[in-house]
Amino acid sequence: MVKKEEMVVTPWEVRGKIDYEKLIEQFGIKPINKELLERIKKQTGELHYLLRRKIFFAHRDLDWLLDQYEKGNEFYLYTGRGPSGETHLGHLIPWVFTKWLQDKFNVELYFQITDDEKFLFKDNLSLNDTKTFAKSNILDIIALGFNPKKTHIFLNTEYSKTLYKEALRVSKHLTFSTVKAVFGFTNENNVGEIFFTSMQTVPAFLESVRKEKNVPCLIPLAVDQDSHFRITRDILPKLGYYKPAIIHSKFMPGLKGVGKMSSSDLSDTILTTDTEETVGWKISNAFTGQQPTKELQRKLGGNPDICSICQYYKFFFEPDDKKLDDIFRAEKEGTILAHEHKQDLTEKVNKFLKEHQKKREIAKGRIEEFMLRD
Ligand code: TYM
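For the sequence shown, the working numbering gives the first residue as -2, with consecutive numbering after it.
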């Protein structure tokens, strides 16, 4: 009997079949229920498709954040990127949602680029490499249309005069044994890795430092990043700040269908910098889980829940629920065959990337509008 691969979800490794119910239990996070969705809708007027489809599925203290907001205590947003390569479509999920939140609530956003992290955790990357990827990743962020007046992007190695001092305050409350317990580190981890979570904590109270008063913070992320903020939430009250609220996304799967889309397997991932030909090739090799022959597929149909093409529509390329239902039904009833399915998606992805890449070009002249410097 083949042993099922164990589920592992940490900031540096995601593998196995992801069981989100189990993660809710293991991490001690709360599912987003109907009541919470209603409360969000009351403020935003509509629900983003990522909320309607429960792709953003869990939270910490979102109800508290809404209480504060309803009392007139405005919050700010914080999210980030670890520049270990070009951006893939999965990274865009929390960012597109963050932009929606920024637009709906008209709030400030801090966008941390952890070039230090990727240098420390990846054997093959120099500081120069991570900075180069950072500059490229920033073009994707700007291309998504964040409000330049309210968006503050920074690299950890560049904004260090401000960050380092605050990270020190955090690190004084953090022991090696906590880091070991939370991240599974051993004595072999380098000391930069052990310290790093202090740097990722700082933007969760940075607005409070800059405004010299306590400001609630909301962090949209995919659930792999949660463990950093378990530490953050323990420490910030000791420094006199609010615990940040968090909203967690599921992982957009790779083209091979299981787990999380990952930059370490490039045929599994579509990058925002991919050419039309590369996209066509990657999608033509995608996993659909359809029956082995046309005839069988027409007769028995497929399973949209394991079909990576259907999942791409669900996560990104078909925000209209009715149209998504039609796509899922066609897959289930066998009325669409794998090659047609793949061709349709290839067209959609290439259309999106063509526009996005144009916006990346324009972004090259706009970087300083967004950068936070000290
Ligand atoms: P990074 O660069 O690994 O990922 C950036 C963001 O994308 C999310 N993500 C995904 N979301 C949906 N589907 C996927 N397949 C997928 N893969 C990655 C990640 O959860 C993350 O939200 N250390 C962080 C950078 C960081 C950060 C933060 C992230 C610094 N501060 C605050 C979130 C919030 C990192 O390496 O992310």
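Note that CB positions come from ideal geometry on N, CA and C, so glycine has one too.
Nearer than 7 Å: is that true of the beta carbon of residue i relative to any heavy atom of the ligand TYM?
i: residue 369; result: no
i: residue 157; result: no
i: residue 337; result: no
i: residue 218; result: yes
i: residue 4; result: no
i: residue 406; result: Given a span of -2 to 371 for the chain in the structure shown, any question on residue 406 remains unanswerable.
i: residue 88; result: yes
i: residue 246; result: yes
i: residue 354; result: no
i: residue 241; result: no
i: residue 114; result: yes
i: residue 78; result: yes
i: residue 213; result: no
i: residue 343; result: no
i: residue 111; result: yes
i: residue 309; result: no
i: residue 17; result: no
i: residue 91; result: yes
i: residue 28; result: no
i: residue 316; result: no
i: residue 99; result: no
i: residue 197; result: yes
i: residue 66; result: no
i: residue 75; result: yes
Give the C-beta separation of residue i and residue j to the nearest angstrom, bearing in mind that I take them to be a contact with Cβ-Cβ under 8 Å.
i: residue 12; j: residue 2; result: 7 Å
i: residue 248; j: residue 219; result: 6 Å
i: residue 339; j: residue 306; result: 6 Å
i: residue 373; j: residue 84; result: The structure shown does not extend to residue 373, since the chain spans only -2 to 371, so no value can be given for it.
i: residue 221; j: residue 7; result: 7 Å
i: residue 58; j: residue 357; result: The pair is not a contact, with the Cβ atoms about 35 Å apart (cut-off 8 Å).
i: residue 369; j: residue 156; result: 6 Å
Residue i: buried (16+ other C-beta within 10 angstroms of its C-beta) or exposed?
i: residue 201; result: buried
i: residue 359; result: exposed
i: residue 152; result: buried
i: residue 336; result: exposed
i: residue 161; result: exposed
i: residue 264; result: exposed
i: residue 317; result: exposed
i: residue 184; result: exposed
i: residue 250; result: buried
i: residue 188; result: exposed
i: residue 281; result: exposed
i: residue 278; result: exposed
i: residue 362; result: exposed
i: residue 408; result: Residue 408 is absent from the model: the chain starts at -2 and stops at 371.
i: residue 120; result: exposed
i: residue 311; result: buried
i: residue 77; result: buried
i: residue -2; result: In this predicted model, residue -2 has a pLDDT of only 44, less than 50, meaning its place in the structure is not dependable; the value taken from the coordinates is given anyway. Exposed, since its Cβ has fewer than 16 Cβ neighbours within 10 Å.
i: residue 91; result: buried
i: residue 105; result: buried
i: residue 193; result: buried
i: residue 376; result: Here the chain comprises residues numbered -2 to 371, so residue 376 is not present and cannot be evaluated.
i: residue 165; result: exposed
i: residue 195; result: buried
Contact between the segment 131 to 149 and the segment 93 to 110 (3+ Cβ pairs under 8 Å): With a cut-off of 8 Å, the segment 93 to 110 and the segment 131 to 149 count as touching, because enough Cβ pairs lie within range.
Would you call the segment 108 to 115 in contact with the segment 128 to 135, where contact means no fewer than 3 C-beta pairs closer than 8 Å? Contact holds: three or more Cβ-Cβ distances are below 8 Å.
Can we say the segment 59 to 68 touches the segment 223 to 230, given the rule of at least three CB pairs closer than 8 Å? no
Under 8 Å: do the segment 234 to 244 and the segment 292 to 305 share three or more Cβ pairs, one atom per stretch? no
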